[in-house]
Amino acid sequence: ELYVSGQQGYWASLRIEPDLISRIKEAQKEDSEIWTIVENLDKDATLREALLTEAHSSPFSVHPGSIKMYHDLKQYFWWSGMKRDVATFVARCLICQQVKIEHQRASGLLQQLPQNQRRHDAIWVVVDRLTKSAHFLPIR
Numbered sequence: 001e002l003y004v005s006g007q008q009g010y011w012a013s014l015r016i017e018p019d020l021i022s023r024i025k026e027a028q029k030e031d032s033e034i035w036t037i038v039e040n041l042d043k044d045a046t047l048r049e050a051l052l053t054e055a056h057s058s059p060f061s062v063h064p065g066s067i068k069m070y071h072d073l074k075q076y077f078w079w080s081g082m083k084r085d086v087a088t089f090v091a092r093c094l095i096c097q098q099v100k101i102e103h104q105r106a107s108g109l110l111q112q113l114p115q116n117q118r119r120h121d122a123i124w125v126v127v128d129r130l131t132k133s134a135h136f137l138p139i140r
C-alpha cells in the first residue's frame with residue numbers, strides 16, 4: 001500500500017506473514033489434542049475460565065474491555081454464551097472496574113481566570129511549528 005498526501009511526503013505499509021507462523025497454523029489444524037480442547041470448551045467451565053483469564057490478564061493483552069476481548073477470542077474460539085461470559089468476566093475484574101471513567105475523579109469546575117493588574121483575563125497560546133515551543137501571552 002502506498003499513500004500520497006500532497007507534496008508533504010509518503011507513507012508506505014507492508015504486511016508480511018512469516019512462513020513459520022503459517023506453518024504453525026497448518027500444523028495446529030491437524031493436531032487432534034488441540035481439537036479435543038476446542039471441542040470441549042462448551043462443556044468445560046474451568047477450561048473456559050482459564051482461557052478468559054489468559055486472554056484478559058496476560059502481559060500482552062493488558063486488560064482489554066469486553067468488546068475487544070470478545071473480538072479477539074472469537075477469531076479462534078467459540079462456545080455457547082461466549083459473549084455473556086466475556087462481559088461477566090470483565091465486569092468481575094477489579095482493575096478494570098477501578099479504571100473505568102465513572103470511577104475517575106472529575107476535573108475541577110471550569111471558571112474564568114482572575115484579572116491581573118492590566119485587566120488581562122485570558123491566555124493566548126501560540127505554538128511555533130518549527131521549534132514546537134509554546135508562547136503564552138496574556139490578553140483581554
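For the record, in the sequence shown the residue sitting at position 8 is 8 according to the UniProt record's numbering, with numbers rising by one throughout.
Note that CB positions come from ideal geometry on N, CA and C, so glycine has one too.
Values in this document were obtained by computation on a predicted structure and should not be read as measured data.
From which residue to which residue does the alpha helix (DSSP H) around residue i run?
i: residue 89; result: 82–92
i: residue 20; result: 19–29
i: residue 37; result: 32–40
Kindly list the residues whose CB is nearer than 7 Å to the CB of residue i, restricted to its own chain and excluding five residues on each side of it in sequence; keep chain order.
i: residue 115; result: 121
i: residue 61; result: 55
i: residue 89; result: 52, 56
Between residue i and residue j, what straight-line distance do the alpha-carbon atoms span, to the nearest angstrom?
i: residue 40; j: residue 66; result: 23 Å
i: residue 105; j: residue 50; result: 33 Å
i: residue 96; j: residue 57; result: 10 Å
i: residue 184; j: residue 38; result: In the structure as shown, the chain begins at 1 and stops at 140. Residue 184 is therefore absent and cannot be evaluated.
i: residue 35; j: residue 29; result: 8 Å
i: residue 138; j: residue 128; result: 17 Å
i: residue 91; j: residue 64; result: 12 Å
i: residue 69; j: residue 20; result: 26 Å
i: residue 135; j: residue 110; result: 22 Å
i: residue 24; j: residue 73; result: 18 Å
i: residue 26; j: residue 83; result: 27 Å
i: residue 102; j: residue 44; result: 35 Å
Under DSSP, the beta strand (DSSP E) around residue i begins and ends at which residues?
i: residue 125; result: 122–127
i: residue 63; result: Per DSSP, residue 63 belongs to no beta strand (DSSP E) and is neither H nor E.
i: residue 52; result: Per DSSP, residue 52 belongs to no beta strand (DSSP E); it is in the alpha helix (DSSP H), 45–57.
i: residue 139; result: 134–139
Is the CB-CB distance between residue i and residue j below 8 Å?
i: residue 86; j: residue 52; result: yes
i: residue 80; j: residue 42; result: yes
For residue i, I'd like the list of residues in its chain whose CB is within less than 8 Å of its CB, leaving aside the five on either flank, ordered along the chain.
i: residue 154; result: This structure cannot speak to residue 154, because the chain is shown only from 1 to 140.
I'd like the list of long-range same chain contacts for residue i, defined as Cβ closer than 6 Å, with 5 residues on each side in sequence excluded.
i: residue 126; result: 135
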